[in-house]
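To keep things clear, I will list the structure first and then write my remarks on it.
In our numbering, the protein residues as written are 1066 to 1667.
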């Protein structure tokens, strides 16, 4: 929407004969319950929303993810909210283009997808990393890339053949040069792309990049040109997402589907028919995007009770698949972790690990780790009208299971949970528990969020152990995270690196919680924090050997004004002597930011 339209709107709103409510009043009445600073929801605070353009906010209220919440408001009221809350349209920036087209992609060595291996260890070999422990201490910033108009840098970058592929909150997918950060091409998806990107041969010497967006659409795009090869909508529910990275394996793309944060936020409205979205896994043919199979985590929702506002309730719902599936090459099965239920009746698939046959999608077994975890935003709002009758604590499994093999052939699935518990399950015995280790208190944003990393002996687990209060309202250095190393065979603690007191204390969203997934190379584990720091730890004792504070402004290769913020949804990628990482997370109470950083050696 052009800027002059907002000026006309502001003028019309000032006309006394119309006597409209102001945008501030409308926001307070309709939106503040979920979006106000310190609210115990997953909704971005106003400080983060104010960095979005007016048009983007209006689109979200009118045709986007908030339509089921705000669709009943008159158009002029939605425009008023957007005009009051949003910023001016970001200027188009065309800087940073590469001087010539790339040579055809041939070398796929690097890091693409959520992990470099189908077992999701998030460990890069020494040869592929191009870095050892002594060199990590010498890493320096080489270049920065800014995501225009964004408050979060979500999509984990993927590197292959001298190119970096990365998605953005605005839906743009970029192909960059790994050494200079210049842009080869840009592809515009329909919605936010927060998944890591996989790269594979496509035929006739071509390669494709694969990813998913927040409109539950999976894409294949030509890796050399950015031309669309195919796209497939994998779920039609307006609140469905592809949050976790699709897993590409032997010609199939296995796509995890989540219910997104919007439906359990929408549940705060007593008039909302809570709830109908449900998680699933979809297998697509990587050549053409055709569906091979789709498996829902729970049965189709049906009418349950009528709430006190007279609204018909539905269930079961929720049970998202938030993260990348894990491949068991030996058994030809997938393992996925699931989220909580937004509404009952109770199922056995929530907060569980599911084993699915890769060929058919049939659920082979389910191991539920927490019973009766029914929760949505209504549980923390006045009245709790749509809150389940016996609410749980929202202890999803948000991280990908890690499949490891021990000496002697014993195999384990390592599973981190928002309850603050790390689990080891037996994949060859229906997921039976081998050991469990409580690392923190857990909670809505506590516990183990986006995942550990594992080598042959230890699993390295970042902790986000804080309540919804305190850190979001101003930063509490006494609450947060730390990094644990556990011995895989027994669950015994090898060492613990406590969180450091944030230098940003007092800044809205500053907390030492470590939500981001860990990344591992031999001898070094990297972990990002919500205080904006990326730290490298010695795997032998947990000592911090390198620390970079991203909470500052950056000069970018593409001319976009950029700043670092909290580090959460994605971890660093290490390959070819370089490290790439996003900074900025303007959701879940974090500090907004919009930058991709590239580090290397002199």
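C-beta atoms are modelled at their ideal positions from N, C-alpha and C, and glycine is treated no differently. These numbers come from a predicted model, not from an experiment.
_Taking the straight line between their C-alpha atoms, what separation do you get for residue 1256 and residue 1221?_
16 Å
*asked:* I need the boundaries of the beta strand (DSSP E) containing residue 1395, first residue and last residue.
replied: Element bounds for residue 1395: n/a, residue is neither H nor E.
*If residue 1388 sits next to residue 1342, beta carbons under 8 Å apart, how far is it from one beta carbon to the other, in whole angstroms?*
So it is not a contact: roughly 17 Å between Cβ atoms.
*In its own chain, which residues sit with a C-beta less than 8 Å from the C-beta of residue 1366, not counting the 5 before and 5 after it?*
1340, 1341, 1343, 1379, 1380, 1381, 1382, 1408
*Since I believe residue 1484 is in contact with residue 1507 (beta carbons under 8 Å), could you give me their beta-carbon distance rounded to a whole number of angstroms?*
4 Å
*Tell me residue 1584's beta-bridge partners as DSSP assigns them.*
1591
*CA-to-CA distance, residue 1652 to residue 1581, given in whole angstroms*: 13 Å
*Rounded C-alpha distance that separates residue 1323 from residue 1187*: 22 Å
_Inter-residue spacing [alpha-carbon to alpha-carbon] between residue 1274 and residue 1161_ = 22 Å
_Close Cβ partners of residue 1208 (< 6 Å) along its chain, the five nearest in sequence each way excluded_ = 1246, 1622, 1663
*asked:* Contact between the region 1190-1204 and the region 1249-1263 is defined here as three or more beta-carbon pairs at a separation below 8 Å; is this criterion met?
replied: no
*7 Å Cβ cutoff met for residue 1170 and residue 1283*: no
_Quick check: the Cα distance between residue 1391 and residue 1466, rounded to an integer number of angstroms?_
6 Å
*alpha helix (DSSP H) segment containing residue 1200, residue limits*: 1198-1201
*Can the beta-carbon of residue 1237 be found less than 7 Å from the beta-carbon of residue 1249?*
no
*asked:* Could you check whether the region 1473-1488 touches the region 1614-1628, counting it as contact only if at least three pairs of C-beta atoms, one from each stretch, sit closer than 8 Å?
replied: no
*CB-CB under 7 Å to residue 1202, same chain, minus the five flanking residues each way: which ones, in chain order?*
1610, 1611
*Please work out which residues of its chain come closer than 8 Å, Cβ to Cβ, to residue 1644, disregarding the five sequence neighbours upstream and downstream, and give them in chain order.*
1196, 1204, 1591, 1637, 1638, 1663, 1664, 1665
*Helix, strand or coil: which one does DSSP assign to residue 1088?*
helix
_C-alpha distance - residue 1375 paired with residue 1338, whole-angstrom precision_ = 10 Å
*Whether residue 1318 touches residue 1351 by CB criterion (7 Å)*: yes
*Count the CB pairs spanning the region 1444-1452 and the region 1418-1434 that are closer than 8 Å, and state whether there are at least three.*
no
_Per DSSP, the bridge partner or partners of residue 1176_ = 1224
*In three-state DSSP terms, what is residue 1148?*
helix
_Which same chain residues end up closer than 8 Å to residue 1520 when comparing Cβ atoms and leaving out the 5 residues on each side of it in sequence?_
1186, 1188, 1585, 1587, 1604
*Between which two residues does the alpha helix (DSSP H) carrying residue 1406 extend?*
No alpha helix (DSSP H) holds residue 1406; the beta strand (DSSP E) holding it covers 1406-1408.
*May I ask you to list the residues that DSSP assigns as paired with residue 1525?*
1518, 1550
*Say whether the region 1210-1228 touches the region 1593-1607, bearing in mind that this needs 3 or more beta-carbon pairs closer than 8 Å, one atom from each stretch.*
no
*Same chain, Cβ closer than 8 Å to residue 1410, neighbours up to 5 away in sequence not counted*: 1369, 1380, 1381
*Out of 1272, 1528, 1371, 1174, which has the shortest C-alpha to C-alpha gap to residue 1224?*
1174
*Kindly indicate the opening and closing residues of the beta strand (DSSP E) around residue 1299.*
It is not in any beta strand (DSSP E) - residue 1299 carries neither H nor E in the DSSP assignment.
*Among 1086, 1316, 1310, 1442, which one has its Cα closest to the Cα of residue 1268?*
1316
_Measuring straight from C-alpha to C-alpha, what distance separates residue 1567 and residue 1474?_
43 Å
*Could you tell me if residue 1495 is buried or exposed, where buried requires 16 or more neighbouring beta carbons within 10 angstroms of its beta carbon?*
exposed
*Please go through the region 1371-1447 and give each complete alpha helix (DSSP H) segment of 4 or more residues, from N-terminal end onward.*
none
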